Every structure is written in structure tokens, then in C-alpha cells.
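Okay, so here's the structure we're looking at.
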Amino acid sequence: MKAVLALLAIALALQPGAALQCYSCTAQISNQDCQNVQNCSQKETYCWTSRVRAIGVLKLISKGCTSECVDDADNYYVGKKNITCCTTDLCNASRGYALQPATTVGVLTVLIGLLLWGSGQL
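The sequence shown runs -19 to -1, 1 to 103 under mature numbering (1 follows the signal peptide of the UniProt record, and there is no 0).
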């Protein structure tokens, strides 16, 4: 029985992991147009989002998978460029970093605690 469990554990460990999934689009005006899901290659371990705003009016959004990524922000005379990176499935949803369920629950717990504590101090 131990041998069967050991073989099962080894087989599971040797299974290739599922590839990262990221939202993907090129130079879209609206985030609603950036909902295409892309299966990244095994080498592509980051999702990225690029936002370029020109003259405060035109905003272009691009998203995808990449093997290397560095968060970056640049201000130009006529606009701004912002690149954000993340490493979990579909993490480049609406911004560079989408709140994960555990993070959302944690933030809500802290806010409710502060509200209850603050109301008791009145």
C-alpha cells in the first residue's frame, strides 16, 4: 500500500503544471474590449497590463503574457505610461493587480472591525 501511495505521489509531482492564463488585447480604448483569455506558454510566467494615456483624453490598454516583467511608470510631457505585472491566473483583469478573494475578505474584516471599534468609542 505504501508503494502505491509513493508511486501516486511521484506521478502527481511529475505532471506538468497548468499554464498561466492572462487577459489579452492590443491597444483597446475600453477594458471591456480586453476580456480575451490567453493560455500562456510554460516560459511565460507573468501577466502584464499596459495603460497609455495621451493628453489626459485618449487611453489605450494592452494586456498579455510575458516571460519577463517589471512594473514601470513614466510621465511624459503629453501623457503617461504605466505597466503592471502579476503572476496568478487572470490577475490582469481590470488593473495590474486584481484583488484576490482572500485579500478582499481580509480588507473587509479590517474595515468592519474599525467601524465597530469606532462606533464603540463615540
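Don't be surprised by glycine CBs; every beta carbon is placed ideally from N, CA and C.
Source: prediction; values computed, not measured.
- Message: Let me check understanding here. Comparing Cα to Cα, which of Ser22, Leu41, Ala(-1), Glu25 lies closest to Asp14?
- Response: Leu41
- Please report how far the alpha carbon of Gly77 lies from the alpha carbon of Ser22, in whole angstroms. Residue confidence for Gly77 is low, a pLDDT of 37 falling below 50, so the modelled location carries little weight; the figure read from the coordinates is stated next. Looking at the two C-alpha atoms, the distance is approximately 20 Å.
- Message: Can you tell me whether Gln13 is helix, strand or coil according to DSSP?
- Response: helix
- Where do the ends of the beta strand (DSSP E) carrying Asn56 lie? 53 to 57
- Have a look at Gln16, Ala(-1), Asp55 and flag the residue whose alpha-carbon is nearest the alpha-carbon of Thr7. With distances taken between Cα atoms, Thr7 lies closest to Gln16.
- Task: With a floor of 3 residues, list each beta strand (DSSP E) that falls wholly inside the region 15 to 41, ordered by position along the chain.
- Result: 17 to 20, 27 to 35
- Message: My output table needs one value for Ala74: the three-state DSSP class, helix, strand or coil.
- Response: coil
- Query: Counting along the chain, where does the beta strand (DSSP E) carrying Thr65 start and finish?
  - Reply: 60 to 67
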